Every structure is written in structure tokens, then in C-alpha cells.
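*Asks:* Below you will find the structure I want to go over with you.
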Amino acid sequence: MKRLMIYFVILHTFMILFTGVGMWWVINRFFPNLTIDTYWVIPLFFFVLGLIFIGQFPKAVVKESRKLVNLYMLMRMVKIFASLLFVLVFWFIDKQNIRNFAILFIIFYLMNLVWETYIYTRMERYIKQQDSLKEMAKKLKESNNQ
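Numbering follows my numbering, with no gaps: position 144 of the sequence shown is 1613.
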């Protein structure tokens, strides 16, 4: 499990860097009118939120792996509300650039959903595999006891 968490953190970090730098390059190259000085805050927000969510997986697995889908949905709802709150705070701080910020934020949010979904499906596959291994070990132990 620890190796999987390290893999997820590395993947998440790489994807944030790749997407953040790539999006910054595209904006500066093709859409200079969307450029804002506080762009770096968007990838930072998603990086921190992603680390928090990845950190929740081991706790969910230990407690009850069958309720993982509920955890996914809860994480998505928390992410939506945190994102809305984040954009509202930015709106109060910098009303002039809110349109550009919101456009960039939504694009980054949608791209983030892609690799976040990949991480969630990999985690679910891992948990199902662990559950099936436990069941096989239990059956093997029962058959050896008889």
C-alpha cells in the first residue's frame, strides 16, 4: 500500500507540473489575453487538494473497503465546494481578473478530473485485489484445517 501511495503522489506531482507548465505555455503562446499574474495559485490549489485526497485512501482501506465509492463521491463534493469557495475568495481579492481566472480554473479542473479518476480506479482495483487475496487465504486456511 505504501508503494502505491508513493506512486500516486509522484503521478499527481508530475501531472500537476506537466499540466500547469503546459497550460501556461499554451496561454502565453496562443491566448495572451487570458494571462493573469496569479496563475500559479491554480495548480497549487489542485496539488494540495490532491495530496489531501490521496492521504485519505489508506484510512478508508483500513476502516472499510466496501464504502470506497462513498468516499469517492464525498471527495468529489468536497472538491467542488472547495473550488467554489476558492474562486469566490479570488473574486473578492481580484475582481478585475475573475473572468480569466475562472476560465483557467475550469479548464484545469476538468483536466485534473482525468488523472484523478485514473488514481481512484487504480485504488479501487488494488483494494478489490487485496480483498480477493484475503478471501483466498481464508479459504485455503479453512481447507487446511479440515
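Glycine included, C-beta positions come from ideal geometry on N, C-alpha and C.
Everything numeric in this text was worked out from a predicted model, so none of it was measured.
#1: So, with DSSP's three-state summary, where would you put I1600?
#2: Could you say which of L1480, T1482 and Y1508 lies nearest to M1492 if we only look at CA atoms?
#3: Among the residues of its own chain, which have a CB less than 8 Å from the CB of M1580, if the five just before and after it don't count?
#4: Which residues in the same chain as I1576 place their Cβ atom closer than 8 Å to its Cβ, once the five residues preceding and following it in sequence are excluded?
#5: Just the Cα atoms here: how many angstroms apart are I1549 and Y1541?
#6: Write down every uninterrupted run of the alpha helix (DSSP H) in the stretch 1470 to 1538 whose length is 4 residues or greater and which is fully enclosed by it, in chain order.
*Replies:* So, to answer that:
#1: Mapped onto the sequence shown, residue 1600 falls at position 131. First, the amino acid is wrong: residue 1600 is Asp here, not Ile. DSSP, read as helix, strand or coil, puts D1600 in helix.
#2: As a position in the sequence shown, residue 1492 is number 23, starting the count at 1. The residue with the shortest Cα to Cα distance from M1492 is Y1508.
#3: Your numbering for residue 1580 matches position 111 in the sequence shown. Excluding residues within five positions, the ones whose Cβ falls inside 8 Å are T1488 and M1492.
#4: Counted from its first residue, the sequence shown places residue 1576 at position 107. These residues qualify, in order along the chain: M1492.
#5: Translated into positions along the sequence shown, residue 1549 becomes position 80. Translated into positions along the sequence shown, residue 1541 becomes position 72. Going by the C-alpha atoms only, they are around 12 Å apart.
#6: 1471 to 1499 and 1510 to 1532
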